[in-house]
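Peer 1: Taking this note's numbering, I'd label the letters of the sequence shown as residues 68 to 527. In this text, a Cβ means the ideal position worked out from N, Cα and C, and glycines have one as well. These numbers come from a predicted model, not from an experiment.
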Amino acid sequence: VEVACSVRLLRPVHTQPPDLPTSIRSHFYQPRTYSTLHSAHLSKSATHHHNMADAHVASMEQRANNMVAQRAEPALRLLHTIVMSLHENAADPRYRRLPYSTNRKLRSVLDKSTEGQAFLMALGYRLDRTGDLTLDLRGRSVDGVRPLYSSALSTLSRALQQLTSSPAPREVQLDQSLPPQPAEGSAGVTSVTVKFVKGGPDLHGTVVSRRFDAGDTLRDVKRFVEGSMEIKLARPRDEEAAFSSSSSAAAAVPARDAAAAADYQLVDRAQQNRAFADDDADTTLQALGLWPSANLTAVVRDASEHDPSALAHSHSGAAAEDTHAQQQSGRGQGQGQRQRQSQRPLPSQLLNAHKSRHEAYSSKRAMGTTHSVKRAQAAAAAERRAAQDRVMAVLKKEAKVQDATKASQAQAQAQAQAQVQAQAEAEAQAQAQMELDEAMALQLAREFENEAARTQAAQA
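#1: With three or more beta-carbon pairs closer than 8 Å as the criterion, would you say the region 237 to 249 touches the region 209 to 225?
#2: Excluding the 5 residues flanking S295 on each side, which residues of the same chain have their C-beta closer than 6 Å to its C-beta?
#3: Let's see if you can read the secondary structure: which residues bound the alpha helix (DSSP H) around D242?
#4: Give, in chain order, every unbroken run of the alpha helix (DSSP H) that is at least 4 residues long and sits entirely within the region 265 to 306.
#5: Can the beta-carbon of K289 be found less than 8 Å from the beta-carbon of V367?
#6: Would you mind stating whether A361 and T284 have Cβ atoms separated by less than 8 Å?
#7: Would DSSP call R138 helix, strand or coil?
#8: Specify the secondary structure class of S415 as computed by DSSP and reduced to three states.
#9: Per DSSP, what are the beta-bridge partners of K262 in this structure?
#10: Using 8 Å as the Cβ pair cut-off and three pairs as the minimum, do the region 175 to 192 and the region 123 to 133 touch?
#11: Determine which residues share a DSSP beta bridge with D335 and list them.
#12: Just curious, the beta strand (DSSP E) that T201 is in, first and last residue?
#13: Could you tell me which residues DSSP pairs with V256 in its beta bridges?
#14: If you drop the 5 nearest sequence neighbours on each side, which residues of the same chain put their C-beta closer than 6 Å to that of A226?
#15: Hey, quick one: how far does the alpha helix (DSSP H) through L220 stretch, first residue to last?
#16: If you count every other CB in all the chains shown that lies within 10 Å of the CB of K463, and 16 or more means buried, which is it?
#17: Tell me whether Y451 is buried or exposed, calling it buried when 16 or more other Cβ atoms sit within 10 Å of its Cβ.
#18: Can you pull the DSSP bridge partners for L194?
#19: Going by beta-carbon coordinates alone, are A281 and L352 separated by less than 8 Å?
#20: Measuring CA to CA, which of V150, L200 and R164 is closest to P214?
#21: My output table needs one value for T350: the three-state DSSP class, helix, strand or coil.
#22: Is it the case that the Cβ atoms of Y167 and L145 are separated by a distance below 8 Å?
#23: Between T364 and K262, is the Cβ-Cβ spacing less than 8 Å?
#24: Using C-beta distances below 6 Å, list every residue in its chain close to S152, excluding the 5 sequence neighbours before and after it, in chain order.
#25: To the nearest whole angstrom, what separates the beta carbons of D210 and G191, a pair I think is in contact under 8 Å?
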């Protein structure tokens, strides 16, 4: 049976949405251009519909199997919820639209799973002009798409059952327990390489690496190291437990490996063999100087290296004491050498000096938001304020000394000026007295001459 229909499409010309991820655009968005008034004659047959439905069902089954292999449980559960809503509310158009542009959870799950995007595409979803996902029925009725919903729902149910029934590999479990691994070459990514030392022939010399974000903490790196140790020791441990003759020996093997996996020391070779303590677990990698790359060494310690009782049993008498003394002296020399080396500027300090070149990671998130980092920042701020106060006190003291010196100099200058003025006044008074005496002497001489003239005149 063929059905011919004439459709008048009134749709404006639009382009690809600019703010969508590449994976979403490649899967859902198919650019089409329509004129303002366009006539299209669609001719389809029942056989064509059946073949297309089979192709879509096969594609959905393949995508579901791929998601099971990838252990993409969040994507499978999200798709199961979407298809269940469509199956139960097939006639309601509200359930045919997924708010991809506004729903952050939906967007984050779909962006991480390309197989989930392909599954929705096979189901009939397309991106519209608003950036949301809309189900395209392709001219089919509601009852015509119910079998497709049923097939998709059964496929997802089988995939979820298969996912829950099969345990995840150790590598997948470890990767899921860690923060998401950033893309290679992205901003703020740090490459962490860990080399194991000791721990048996199956672990010694093994090198593992992974990418972390600069805002991740050292606890995430330790979780990665411990998980890698368990994975490396799992195969020989299982073989030894399987071929062990006694049950006690079989039970002792996992305990020994677990102790070895838990007891290790993480050392940074690039920072003068810096040994990280438990207090550094919540500090970000950038704050610890493990950015943009880090070469770490995980030294797996045996019980005889740090247990005094085991050391006493293995050695007796003076030999044990001498060995212990040598260890203490060597440890003291090592501490003195570390103290001398700690006075040198670390490479991380030199790198942080140029941190302003990377504006994207000079923010609060890059410095970390843990309590230890905040305490360190507060202590550094208090130390800077104390240093500023000390500098201000020194400057004030110097200013007081300068003021006292200036005051003493001014006082001495004033005294000298007063002495000079007093001396000048004394000289002026002496000069005036001398002039007065001379005037009186002249007056007396004139009076004596006048008296002598009067006396001569009287005698005459």
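Peer 2: Once the coordinates are examined:
#1: no
#2: The residue you call residue 295 lines up with position 228 of the sequence shown. Same-chain partners within the cutoff: V275.
#3: As a first step, residue 242 is located in the sequence shown; it is residue number 175 there, counting from the start. From DSSP, the alpha helix (DSSP H) with D242 extends over R237 to S244.
#4: none
#5: Here residue 289 corresponds to residue number 222 of the sequence shown, with the count starting at 1. Here residue 367 corresponds to residue number 300 of the sequence shown, with the count starting at 1. Going by C-beta atoms, K289 is not nearer than 8 Å to V367.
#6: Your numbering for residue 361 matches position 294 in the sequence shown. Your numbering for residue 284 matches position 217 in the sequence shown. Taking a C-beta distance under 8 Å as the contact criterion, A361 and T284 do not qualify as a contact pair.
#7: The residue labelled residue 138 in the question sits at position 71 within the sequence shown. Correct three-state label for R138: coil.
#8: The residue you call residue 415 lines up with position 348 of the sequence shown. Helix.
#9: Translated into positions along the sequence shown, residue 262 becomes position 195. V274 and T364, per the DSSP bridge assignment.
#10: yes
#11: As a working note, residue 335 is residue 268 in the sequence shown. Partner(s): R341 and L363.
#12: The sequence position of residue 201 within the sequence shown is 134, counting from 1. From DSSP, the beta strand (DSSP E) with T201 extends over L200 to L202.
#13: Here residue 256 is taken as the residue at index 189 of the sequence shown, counted from 1. Paired residue(s): D280.
#14: For the purposes of this step, residue 226 is taken as residue 159 along the sequence shown, with counting starting at 1. Answer for A226: A131, V135 and L143, listed in chain order.
#15: Sequence index remark: in the sequence shown, residue 220 carries index 153 (1-based). First-last of the alpha helix (DSSP H) with L220: V209 to S232.
#16: Here residue 463 is taken as the residue at index 396 of the sequence shown, counted from 1. With fewer than 16 other Cβ atoms within 10 Å, it is exposed.
#17: In the sequence shown, residue 451 corresponds to position 384, counting from 1. For clarity, residue 451 is Arg in the given sequence; the question names Tyr instead. Exposed.
#18: For the purposes of this step, residue 194 is identified with residue 127 of the sequence shown, where counting begins at 1. The partner list for L194 (beta bridge, DSSP) reads L200.
#19: Residue mapping note: residue 281 aligns to position 214 of the sequence shown, counting from 1. Residue mapping note: residue 352 aligns to position 285 of the sequence shown, counting from 1. Contact: yes.
#20: Indexing the sequence shown from 1 puts residue 214 at position 147. Out of V150, L200 and R164, V150 has the C-alpha closest to the C-alpha of P214.
#21: Mapped onto the sequence shown, residue 350 falls at position 283. DSSP, read as helix, strand or coil, puts T350 in coil.
#22: Along the sequence shown, one-based indexing puts residue 167 at 100. Along the sequence shown, one-based indexing puts residue 145 at 78. The answer is no: Cβ separation not under 8 Å.
#23: For the purposes of this step, residue 364 is identified with residue 297 of the sequence shown, where counting begins at 1. For the purposes of this step, residue 262 is identified with residue 195 of the sequence shown, where counting begins at 1. Against a cut-off of 8 Å, the Cβ pair of K262 and T364 comes out as a contact.
#24: Residue mapping note: residue 152 aligns to position 85 of the sequence shown, counting from 1. Within the same chain, S152 has close Cβ partners Y162.
#25: The sequence position of residue 210 within the sequence shown is 143, counting from 1. The sequence position of residue 191 within the sequence shown is 124, counting from 1. Wrong, their Cβ atoms sit about 15 Å apart, outside the cutoff.
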